[in-house]
Amino acid sequence: MALAKHSIFFFTFILFSFIQAPTFAIRNSYIVYLGSHSHGPEATDADFDRVTESHHQLLGSFLGGYSVAKEAMMYSYTRFINGFAAVMEENVAAESKVRIFAYPKVLKVLESKGRKLHTTRSWEFMLQTDSNGVALRGSTFKRARFGADTIIANIDTGVCVWPESQSFSDEGMGPIPSKWKGACDGDKDPLGFRCNRKLIGARYFNKGYLADPSGAGSPNAVLNQTQIHTPRDYDGHGSHTLSTAGGNSVHRANMFGHLANGTASGGSPLARLATYKVCWPPVLHSGSCHDSDILAAIDMAIHDGVDVISVSLGGFPSTYLGDIFSIGAFHAYKNGVNVVCSTGNDGPSRPFVTNIAPWVFTVAASTIDRDFQARVQLQNGKILVGASLSESLPQDKFYPIIASANARRDNSTINDANLCLEGTIDPKKVEGKILVCMSGVDSSTASRVEKGYEAFRAGAAGMILSDKLDDIEPDMYMLPAANIKYQDTLALLSYLQSTKNPVATIYPPSDVFNLKPSPAVASFSSRGPSSFVPEILKPDITAPGVNILAAYSPAVAPTIFSFDNRSVPYTILSGTSMSCPHVSGVVGLLRTLHPEWSPAAVKSAIMTSAKARDSTGHPMLASDDEAMKKATPFDYGSGHIRPNKAIDPGLVYDSTVKDYLDLMCGLNYTAKDLRLFYDAPCKCPYSYDILNFNYPSVTVPVLYGLVNVTRTLKNVGSPATYVARVLSPPGLAINVQPKNLKFEKLGEEKSFTLTIQVKSHGLDTVFGMLIWSDGKHFVRSPITVGGVKV
828 MALAKHSIFF
838 FTFILFSFIQ
848 APTFAIRNSY
858 IVYLGSHSHG
868 PEATDADFDR
878 VTESHHQLLG
888 SFLGGYSVAK
898 EAMMYSYTRF
908 INGFAAVMEE
918 NVAAESKVRI
928 FAYPKVLKVL
938 ESKGRKLHTT
948 RSWEFMLQTD
958 SNGVALRGST
968 FKRARFGADT
978 IIANIDTGVC
988 VWPESQSFSD
998 EGMGPIPSKW
1008 KGACDGDKDP
1018 LGFRCNRKLI
1028 GARYFNKGYL
1038 ADPSGAGSPN
1048 AVLNQTQIHT
1058 PRDYDGHGSH
1068 TLSTAGGNSV
1078 HRANMFGHLA
1088 NGTASGGSPL
1098 ARLATYKVCW
1108 PPVLHSGSCH
1118 DSDILAAIDM
1128 AIHDGVDVIS
1138 VSLGGFPSTY
1148 LGDIFSIGAF
1158 HAYKNGVNVV
1168 CSTGNDGPSR
1178 PFVTNIAPWV
1188 FTVAASTIDR
1198 DFQARVQLQN
1208 GKILVGASLS
1218 ESLPQDKFYP
1228 IIASANARRD
1238 NSTINDANLC
1248 LEGTIDPKKV
1258 EGKILVCMSG
1268 VDSSTASRVE
1278 KGYEAFRAGA
1288 AGMILSDKLD
1298 DIEPDMYMLP
1308 AANIKYQDTL
1318 ALLSYLQSTK
1328 NPVATIYPPS
1338 DVFNLKPSPA
1348 VASFSSRGPS
1358 SFVPEILKPD
1368 ITAPGVNILA
1378 AYSPAVAPTI
1388 FSFDNRSVPY
1398 TILSGTSMSC
1408 PHVSGVVGLL
1418 RTLHPEWSPA
1428 AVKSAIMTSA
1438 KARDSTGHPM
1448 LASDDEAMKK
1458 ATPFDYGSGH
1468 IRPNKAIDPG
1478 LVYDSTVKDY
1488 LDLMCGLNYT
1498 AKDLRLFYDA
1508 PCKCPYSYDI
1518 LNFNYPSVTV
1528 PVLYGLVNVT
1538 RTLKNVGSPA
1548 TYVARVLSPP
1558 GLAINVQPKN
1568 LKFEKLGEEK
1578 SFTLTIQVKS
1588 HGLDTVFGML
1598 IWSDGKHFVR
1608 SPITVGGVKV
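So for the sequence shown, my numbering puts the first residue at 828; every next one is plus one.
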């Protein structure tokens, strides 16, 4: 589950603990999982209450009484997910966990863990609108009726509903869809939180947060009691992601009045929206989204009648069995709900992709063709092209430049001053000058903004942040500033050494369009392969996630820091958190146009219509911090999303619940393991090769000589004959049988076999492509083959 890159610093991974614990006892939160409910469509609140009563009795039998169990229980999951979350002292839990897990109906006992939170141009970039924000003729926006009446849920930090949040206005919208069963939990909000015909639902889940001593009970907590019991967004992340998925089209949106001017729109601008607030910032620079709260939100979202669940947050990679989010997401899939997740912001150095279950849609982040540049002019005429989202210096003069090491306080080290750490810069030395700071090892957004504040506090006229990398990003500084890349840093240092009185000026930041090549995979986007099931390629897709303008909460400054007193209705963020809701919005369009499609068919349509080439026609690139390299499916999955192609894919790789259960059989899951996902008794087939799972991509982690892989395609278009074409990588021979598939009716399914054979040994991981085409449709699947063995 993937927080914006600007906010990664704001949330840390926090394990769950429990409230009201005495100082001598450690209390932890646990989720006791009992499987699924089969209430039927006529279930009432009385039915749900009976489930809760049974949970109290079950827990009470282990904790010594009904009243003790009732006090310990945080959540009773009563709708589609069967189980409960409770707090126990660690010494009691050690014994009780064993006893509870031995109870026949208990399938799993998991410690509740913490997870971290992981646009005016992006929809134009994806050929949905023109430069004025008007939907193009033939675009998916037009053909799918802008996602009308699809219900998109966002599990995040809530939503802003101040009057200036036009993204969530219900002007011109019709009645709420009759299938909606949700609620608006705004009764305790001191500002009067209200839903409408656009934002039709808002709930909050905070019991896991309240059970965490580093949360509401912490002396450093940044939320007061009036901010806890409300779905209102006091972070900004939830508002940004939800408006990106399904916010209204808002003309003349921008940041600071001049940056990113245009129309801010969600992917399904006529969709109905619901927010499920599960993420809270208990301590400055940290935060938590607790598993127990997330599971409650998923259970309620299914019950409420949503079509899409968008989740821009996540934890560490885990097995399907050990990940309560994966288990909860499977319940959503079984009930026809698409779950879309971010891949994480831990790139590019290691494979650390999160949200790896095949029934969730895992999204990487890539650039669009826009950047925000701020030029620095030196007096010698040299122009350094930087990046910034801050104001500019008055343009009538040059300003003296001073290196931060020369502006240090007497009690500061040169190294600390070089990095412009807090309290290291002497105001007497820097006032009215442009301060040059170094980024250092910690080049996070938080660190960069804090350096800017040190320059601002010291009275500098501006700041130049010199980076050792070439992959620079714009930041929202409190003073005129520009981030410059490594080569320009060398030029600046050379200039500083060449003259006794160096001077420069910083020009206003501006939008620069049609940058090539684009898209390119962002450096922060987590890479594959999957840590636990490498036969399933992750990520699945990439989408715009860099410099995205969307709605924001006026309750928090755009930098989130307390020293920033600015307020903006729209802001620019980067992260896989931003790419995830782009895909959620496109999923919403397809759900409107093709309500009969399964979640797997929707996912396949988007994946097989993606492209792996950029605006220059060459293979897509990926940022590796210091340089750009050729991207691979481990960076982008099937490629960059193309909504106009996804709407009519021709063929899809569909999957049923049984297919997923067979996959887990192939992973040697036991019958009891399978009951975590499916309430009826399941028997595994005698043997199941997980390479044959009907996924839209083909991945062979290690190849020994030769392997056969089968797939099945379903026709979702007109009758046609499709011909296979394979792009084989060097060292392999890949053949398809049969090479032609003739589809005579809608819904018809046909299977084929790929034979992958080694031609030369000692290969590293290689990548190919399978394309099925009838001349109109091109159904693409990446082929990934790992280290080749004799």
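Cβ coordinates follow ideal geometry from the N, Cα and C atoms, glycine included.
Please classify residue i as buried or exposed, where buried requires at least 16 other C-beta atoms within 10 Å of its C-beta.
| i | result |
| --- | --- |
| glutamine 1324 | exposed |
| phenylalanine 1630 | With the chain covering 828 to 1617 only, the question about residue 1630 has no answer from this structure. |
| threonine 1537 | exposed |
| aspartate 1516 | exposed |
| phenylalanine 1390 | exposed |
| alanine 1230 | buried |
| histidine 833 | Low local confidence applies: a pLDDT of 39 at histidine 833 is under 50, so the model's placement there is unreliable, with the coordinate-based value given in what follows. Answer is buried; the Cβ neighbour count reaches 16. |
| asparagine 1392 | exposed |
| alanine 852 | In this prediction, alanine 852 has a pLDDT of 46, which is less than 50 and means its spatial position is unreliable; what the coordinates show is noted afterwards. By the 10 Å Cβ count, alanine 852 comes out exposed. |
| valine 1529 | exposed |
| serine 1450 | buried |
| alanine 1507 | exposed |
| glutamine 1627 | Look at the range of the chain in this structure, 828 to 1617, and you will see that residue 1627 is not part of it. |
| threonine 1548 | exposed |
| leucine 1122 | buried |
| isoleucine 1333 | buried |
| threonine 871 | exposed |
| serine 1176 | exposed |
| histidine 1067 | buried |
Between residue i and residue j, how many whole angstroms is the CB-CB distance? I'm expecting something under 8 Å.
| i | j | result |
| --- | --- | --- |
| leucine 886 | valine 933 | Leucine 886 to valine 933, Cβ: 11 Å. No contact. |
| phenylalanine 1179 | proline 1144 | 7 Å |
| alanine 1072 | proline 1408 | 4 Å |
| phenylalanine 1674 | threonine 1459 | Given a span of 828 to 1617 for the chain in the structure shown, any question on residue 1674 remains unanswerable. |
| asparagine 1328 | proline 1227 | 7 Å |
| serine 1193 | glycine 1372 | 6 Å |
| asparagine 855 | methionine 901 | Rounded, the Cβ-Cβ distance is 12 Å, inconsistent with contact. |
| valine 1606 | threonine 1443 | Not confirmed; about 24 Å, so no contact. |
| threonine 1182 | proline 1426 | What sits at residue 1182 in the sequence shown is asparagine, not threonine. Incorrect: roughly 15 Å between the Cβ atoms, too far for contact. |
| asparagine 1162 | phenylalanine 907 | 6 Å |
| leucine 1205 | tyrosine 1313 | Their Cβ separation, rounded to whole angstroms, is 17 Å, which puts leucine 1205 and tyrosine 1313 out of contact at 8 Å. |
Report yes if the CB atom of residue i is closer than 7 Å to the CB atom of residue j, and no otherwise.
| i | j | result |
| --- | --- | --- |
| serine 1293 | methionine 1265 | yes |
| valine 1077 | glutamine 993 | yes |
| valine 1348 | tyrosine 1463 | yes |
| valine 1167 | serine 1215 | no |
| leucine 1276 | threonine 1386 | At residue 1276 the sequence reads valine, which differs from the leucine that was named. A contact, by the Cβ cut-off of 7 Å. |
| leucine 1364 | threonine 1611 | yes |
| threonine 1369 | alanine 1191 | yes |
| serine 1439 | proline 1476 | Just to set this straight, residue 1439 is alanine in the shown sequence, not serine. Their beta carbons are not under 7 Å apart, which means alanine 1439 does not touch proline 1476 by this criterion. |
| leucine 1518 | leucine 1501 | no |
| leucine 1503 | valine 1553 | no |
| phenylalanine 1032 | valine 1133 | no |
| glycine 1171 | serine 1353 | yes |
| isoleucine 1311 | alanine 1288 | no |
| isoleucine 1252 | leucine 937 | no |
| glycine 1466 | alanine 1428 | no |
| glycine 1093 | serine 1070 | yes |
| aspartate 1062 | valine 1383 | yes |
| phenylalanine 1232 | valine 1257 | Contrary to the premise, residue 1232 reads as alanine rather than phenylalanine in this sequence. Not a contact, by the Cβ cut-off of 7 Å. |
Give a single yes or no on whether residue i has its beta carbon closer than 6 Å to a heavy atom of the ligand FAD.
| i | result |
| --- | --- |
| serine 1293 | Inclusion of the ligand FAD in the displayed structure is not the case, the ligand content being empty and no account of it being possible. |
State yes or no: is the beta carbon of residue i nearer than 7 Å to at least one beta carbon in chain D?
| i | result |
| --- | --- |
| alanine 1029 | In the structure shown, chain D does not exist; there is a single protein chain. |
Q) Would you say the stretch 1009 to 1029 touches the stretch 1089 to 1100, given that touching needs at least three Cβ pairs under 8 Å? A) With the cut-off at 8 Å, the stretch 1009 to 1029 and the stretch 1089 to 1100 touch.
Q | Residue ranges of each alpha helix (DSSP H) within the stretch 842 to 906, 4 or longer | A | If we require 4 residues or more, the alpha helix (DSSP H) runs fully inside the stretch 842 to 906 come out as 872 to 890, 893 to 899.
**Q.** Residue ranges of each alpha helix (DSSP H) within the stretch 1211 to 1285, 4 or longer
**A.** As far as the stretch 1211 to 1285 is concerned, its whole alpha helix (DSSP H) runs of at least 4 residues are 1241 to 1245, 1254 to 1257, 1272 to 1284.
(Q) Could you check whether the stretch 972 to 986 touches the stretch 1403 to 1420, counting it as contact only if at least three pairs of C-beta atoms, one from each stretch, sit closer than 8 Å? (A) Yes, the stretch 972 to 986 is in contact with the stretch 1403 to 1420.
Q: Pick out the complete beta strand (DSSP E) segments inside the stretch 1327 to 1364, 3 residues or longer, and give them in chain order.
A: For the stretch 1327 to 1364, whole beta strand (DSSP E) runs of length 3 or above, ordered along the chain, are 1330 to 1333, 1337 to 1339.
(Q) Between the stretch 1581 to 1592 and the stretch 1521 to 1538, can you find at least three pairs of beta-carbon atoms closer than 8 Å? (A) With a cut-off of 8 Å, the stretch 1581 to 1592 and the stretch 1521 to 1538 count as touching, because enough Cβ pairs lie within range.
Q | 4-residue-minimum alpha helix (DSSP H) runs that sit fully inside the stretch 1131 to 1179, ordered along the chain | A | Within the stretch 1131 to 1179, the complete alpha helix (DSSP H) segments of 4 residues or longer fall at 1151 to 1161, listed in chain order.
Q: Tell me the start and end of each unbroken beta strand (DSSP E) in the stretch 1359 to 1409 that is at least 3 residues and wholly inside, in chain order.
A: Counting whole runs of 3 or more residues, the stretch 1359 to 1409 contains the beta strand (DSSP E) stretches 1368 to 1371, 1375 to 1378, 1397 to 1400.
Q: Go through the stretch 1182 to 1210 residue by residue and report every complete run of the beta strand (DSSP E) that reaches 3 residues or more, in order.
A: As far as the stretch 1182 to 1210 is concerned, its whole beta strand (DSSP E) runs of at least 3 residues are 1188 to 1193, 1198 to 1205.
Q: Identify every run of the alpha helix (DSSP H) within the stretch 1495 to 1553, keeping only runs that are complete inside it and at least 4 residues long; order them along the chain.
A: Those alpha helix (DSSP H) runs which fall completely within the stretch 1495 to 1553 and span 4+ residues are 1498 to 1501.
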